[in-house]
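For any residue, its number in the working numbering is found by taking its place in the sequence shown, counting from 1, and adding 373. Even glycine gets a Cβ: it sits at the ideal position worked out from N, Cα and C. Worksheet for the structure shown next.
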Amino acid sequence: MSEQYPITLDILWSLSFNHDIQEQLRTNRSFMNKLARLKEECNNEKMRKITFGLLWNLESSHQDRTILEITDEKIFDIMISYSHKDEIICQTIYEELIKKGYRVWIDYDQIHGNVMDAMAQAIERSHIIIICMSEQYRKSNYCRAEAHYAFQRELKIVPILLQEHYKPDGWLLFLIGQLLYVDFTKYEFSRAMELLIEELKAPCVQETRVIPVQYKQDKTLTCTSTSELSKLPENIIDWTQIDVQNWLIGSNLRQMARLLTDFDGPSLNNLYDLIVRTEPQQILSLFHDDCSRKINESISLLELARFRTLLNERQGSIKVNKLIKKSNIILNLLTHCRMM
Numbered sequence: 374m375s376e377q378y379p380i381t382l383d384i385l386w387s388l389s390f391n392h393d394i395q396e397q398l399r400t401n402r403s404f405m406n407k408l409a410r411l412k413e414e415c416n417n418e419k420m421r422k423i424t425f426g427l428l429w430n431l432e433s434s435h436q437d438r439t440i441l442e443i444t445d446e447k448i449f450d451i452m453i454s455y456s457h458k459d460e461i462i463c464q465t466i467y468e469e470l471i472k473k474g475y476r477v478w479i480d481y482d483q484i485h486g487n488v489m490d491a492m493a494q495a496i497e498r499s500h501i502i503i504i505c506m507s508e509q510y511r512k513s514n515y516c517r518a519e520a521h522y523a524f525q526r527e528l529k530i531v532p533i534l535l536q537e538h539y540k541p542d543g544w545l546l547f548l549i550g551q552l553l554y555v556d557f558t559k560y561e562f563s564r565a566m567e568l569l570i571e572e573l574k575a576p577c578v579q580e581t582r583v584i585p586v587q588y589k590q591d592k593t594l595t596c597t598s599t600s601e602l603s604k605l606p607e608n609i610i611d612w613t614q615i616d617v618q619n620w621l622i623g624s625n626l627r628q629m630a631r632l633l634t635d636f637d638g639p640s641l642n643n644l645y646d647l648i649v650r651t652e653p654q655q656i657l658s659l660f661h662d663d664c665s666r667k668i669n670e671s672i673s674l675l676e677l678a679r680f681r682t683l684l685n686e687r688q689g690s691i692k693v694n695k696l697i698k699k700s701n702i703i704l705n706l707l708t709h710c711r712m713m
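Rendered as structure tokens:
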């Protein structure tokens, strides 16, 4: 089977952790139907795992999963979440924890069938999750889904560092926040295990989790209607100067509308590329100079931040649509070919 098939779906899986992109994928019934069919018919283990993971993110049913009554014999003290690149050291950690009397769940890559359901059941039966941090762990969509579900279920999270010089970044940094972690690259293994046991025994401090407030847009500030914005060409490259102005005003970016009066789609796209490639401080300085010179105003940091966010969303939406189209082509091919 061509390597591009799982790669394309894996990219979509990675994107589907974003709520806006989730909704965009979820509402594409043709794509969802083909994905559901692929789940049932595909015999390729790698593609099945990716398909289950993608569907897990897109189907909201797991958020309201009812946890069946579990007897004490089936409950684990600890679940170890790790990248299989770190399997050897994780197996050693597992064996040491077993010696200490802990009941530990670890998969050793022996799960078949619906890997996401198996993962969810393991989390629901555990009290603590050990997150084995490394670059490979951060890159793995499966590890990300595992860690996020443990966070949703409010398990106690104990991070450990397995890769020398690696600093948590991206979603992993956001998830572990200010939690202390045990650095297995800094200490001898026996000492690192002692520190890990101390963390496992430490009382769980209940964190205050901030729920973002969704502010309603003041419709009186918007001159361009939502229906007009929806009529804009999908690709920014195809926008006219009028389209750019309608989008800026309709998005309540009034200062940007005054600053970019002569911009058409290609100009806006080039500006986006410049923003992405340039250091934030330099971009701020460039916008500040242009604002002072062209409209005699100081740049609004809030509006500049919102401008970049909306451009990111717009460009991201285009990429998702292209991936959906490519995935639909692949899924169509798969339904007409024998599964490998």
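So for residue i, helix, strand or coil by DSSP?
i, result
"F390", "coil"
"I443", "Note that I443 scores 49 on pLDDT, short of 50, meaning its location in the model is unreliable; the coordinates nonetheless yield the value given after this. Coil, per DSSP."
"W612", "coil"
"D637", "coil"
"D383", "helix"
"D556", "strand"
"Y588", "With a pLDDT of 35 at Y588, under the threshold of 50, the predicted position of this residue should be treated as unreliable, though the coordinate-derived value follows. In the structure shown, Y588 sits in coil (DSSP, three-state: anything other than H, G, I, E or B)."
"C596", "With a pLDDT of only 45 at C596, under 50, the local geometry of the prediction cannot be trusted, and no value is derived from it."
Between which two residues does the beta strand (DSSP E) containing residue i stretch?
i, result
"I533", "K529 to L534"
"S499", "S499 to M506"
Should residue i go down as buried or exposed, given a rule of 16 or more other Cβ atoms within 10 Å for buried?
i, result
"I530", "buried"
"G426", "buried"
"F680", "buried"
"F342", "Absent from the model: residue 342. The displayed extent of the chain is 374 to 713, so no value can be given."
"Q628", "buried"
"T424", "buried"
"G638", "buried"
"L674", "exposed"
"K574", "exposed"
If you follow the alpha helix (DSSP H) that residue i is in, where does it begin and where does it stop?
i, result
"V449", "First, the amino acid is wrong: residue 449 is Phe here, not Val. Looking at the DSSP string, F449 is not in any alpha helix (DSSP H); the run it does join, the beta strand (DSSP E), is F449 to S454."
"I423", "E418 to L431"
"K407", "R402 to E414"
"L470", "E460 to K472"
"Y539", "Y539 -> no alpha helix (DSSP H), and no H or E assigned at all."
"A565", "F562 to K574"
"Q525", "N514 to Q525"
"D663", "P653 to K667"
"R627", "R627 to L632"
To which residues of the same chain is residue i closer than 7 Å at the C-beta, ignoring the five residues directly before and after it?
i, result
"E686", "D393"
"E552", "Per the sequence shown, residue 552 should be read as Leu rather than Glu. Cβ neighbours of L552 beyond the five flanking positions: I530 and P532."
"L730", "A query on residue 730 cannot be resolved here, the shown segment of the chain reaching from 374 to 713 and no further."
"E676", "L626, Q628 and M629"
"T595", "The predicted model places T595 with a pLDDT of 39, which falls under 50 and marks its position as unreliable; any figure quoted below should be read in that light. The residues are G623 and N625."
"I570", "K473"
"N487", "F425"
"S389", "Q395, L398, L427, N430 and L431"
Excluding the five sequence neighbours on either side, which residues of its own chain have a C-beta within less than 6 Å of the C-beta of residue i, listed in chain order?
i, result
"A495", "M452 and W478"
"I672", "F660, H661 and C664"
"L545", "R511"
"M492", "E519"
"D616", "L605"
"K540", "none"
"Q523", "The identity of residue 523 in the sequence shown is Ala, whereas the question assumes Gln. Counting only Cβ-Cβ distances below 6 Å, and skipping sequence neighbours, we find I496 and I502."
"I443", "Low confidence applies to I443: its pLDDT is 49, below 50, so where it sits in the model is not reliable enough to give any reading."
Counting only the same chain and skipping the five closest in sequence on each side, list residues whose C-beta sits under 8 Å from that of residue i.
i, result
"L528", "M452, I496, S499, H500, I501 and I502"
"E469", "M566"
"L568", "V555 and Y560"
"R476", "I448, F449, D450 and I451"
"M405", "L398, R399 and L431"
"I471", "V477"
"T613", "D637 and G638"
"R526", "I496 and E497"
"V649", "none"
With 8 Å set as the bound, which would you pick, yes or no: does the beta-carbon of residue i sit closer than that to a beta-carbon of chain D?
i, result
"E460", "Judged by its chain identifiers, the structure shown contains no chain D, having just a single protein chain."
Is it a yes or a no for the segment 446-457 touching the segment 485-503, going by three-plus beta-carbon pairs under 8 Å? Judged by Cβ distances under 8 Å, the segment 446-457 makes contact with the segment 485-503, as three or more pairs qualify.
Would you say the segment 634-654 touches the segment 605-624, given that touching needs at least three Cβ pairs under 8 Å? Yes, the segment 634-654 touches the segment 605-624.
Between the segment 462-481 and the segment 510-524, are three or more C-beta pairs nearer than 8 Å? Contact fails: fewer than three Cβ-Cβ distances are below 8 Å.
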